[in-house]
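Enquirer: I'd like to ask you about the structure that follows.
Numbering (full-length UniProt numbering), first residue to last: 1 to 107.
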């Protein structure tokens, strides 16, 4: 289980390494272009329910800490879907990983 550490907050978001690897690519992609955005997640029942939203900006320290030492094989479609959520009014949020072999449907 990896961790996302934002600024100097004592709160760390625990995320499985595979998901964290994909979030890392999406987030760094946005920050590399100097694009700020919001990021939200549900706490889950085990953590008292609720939801947190952060404003992600290039000037605020951000760390991606992985528990494993092997990099995940990245799913390009998943990264694209995460970037689409980051560009939306609701901001970056978790979406399920798509199957890379499924055909892409046009809207």
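Using N, Cα and C, we set each Cβ at its ideal position, and we do this for glycine too.
1. Would you check if the distance between the CB atom of residue 13 and the CB atom of residue 55 is smaller than 8 Å?
2. By Cβ distance, which residues of its chain are closer than 8 Å to residue 22, with the 5 residues on each side in sequence left out?
3. Starting from residue 16, follow its DSSP beta bridges and name the residues at the other end.
4. Excluding sequence positions up to five away, which residues of its chain have a Cβ less than 8 Å from the Cβ of residue 107?
5. Which residues share a DSSP beta bridge with residue 99?
6. For the beta strand (DSSP E) containing residue 41, name the first residue and the last one.
7. So, with DSSP's three-state summary, where would you put residue 51?
8. Considering only the beta carbon of each residue, do residue 28 and residue 4 sit closer than 8 Å?
Expert: In short, the structure shows the following:
1. Against the chain shown, residue 13 aligns to sequence position 13. Against the chain shown, residue 55 aligns to sequence position 55. It is not a contact, given that the beta carbons lie outside the stated cut-off.
2. As a first step, residue 22 must be located in the chain shown, where it is residue number 22. Counting only Cβ-Cβ distances below 8 Å, and skipping sequence neighbours, we find 72, 74, 75, 78, 79, 82 and 97.
3. Counted from its first residue, the chain shown places residue 16 at position 16. Per DSSP, none; premise fails for residue 16.
4. Mapped onto the chain shown, residue 107 falls at position 107. With a pLDDT of only 45 at residue 107, under the threshold of 50, the placement of this residue in the model should not be trusted; the figure read from the coordinates follows. Leaving aside the five residues that flank residue 107 on each side, none in its chain has a CB nearer than 8 Å to its CB.
5. Position 99 of the chain shown, counted from the start, is the residue given in the question as residue 99. Listed as beta-bridge partners of residue 99 by DSSP are no residues whatsoever.
6. Reading the chain shown from its first residue, position 41 is the one you call residue 41. Bounds of the beta strand (DSSP E) holding residue 41 are 37-42.
7. Counting from 1 along the chain shown, the entry for residue 51 is found at position 51. The answer is strand: DSSP assigns residue 51 an E or B state.
8. Residue numbering aside, residue 28 sits at position 28 when the chain shown is read from its first letter. Residue numbering aside, residue 4 sits at position 4 when the chain shown is read from its first letter. Their beta carbons are not under 8 Å apart, which means residue 28 does not touch residue 4 by this criterion.
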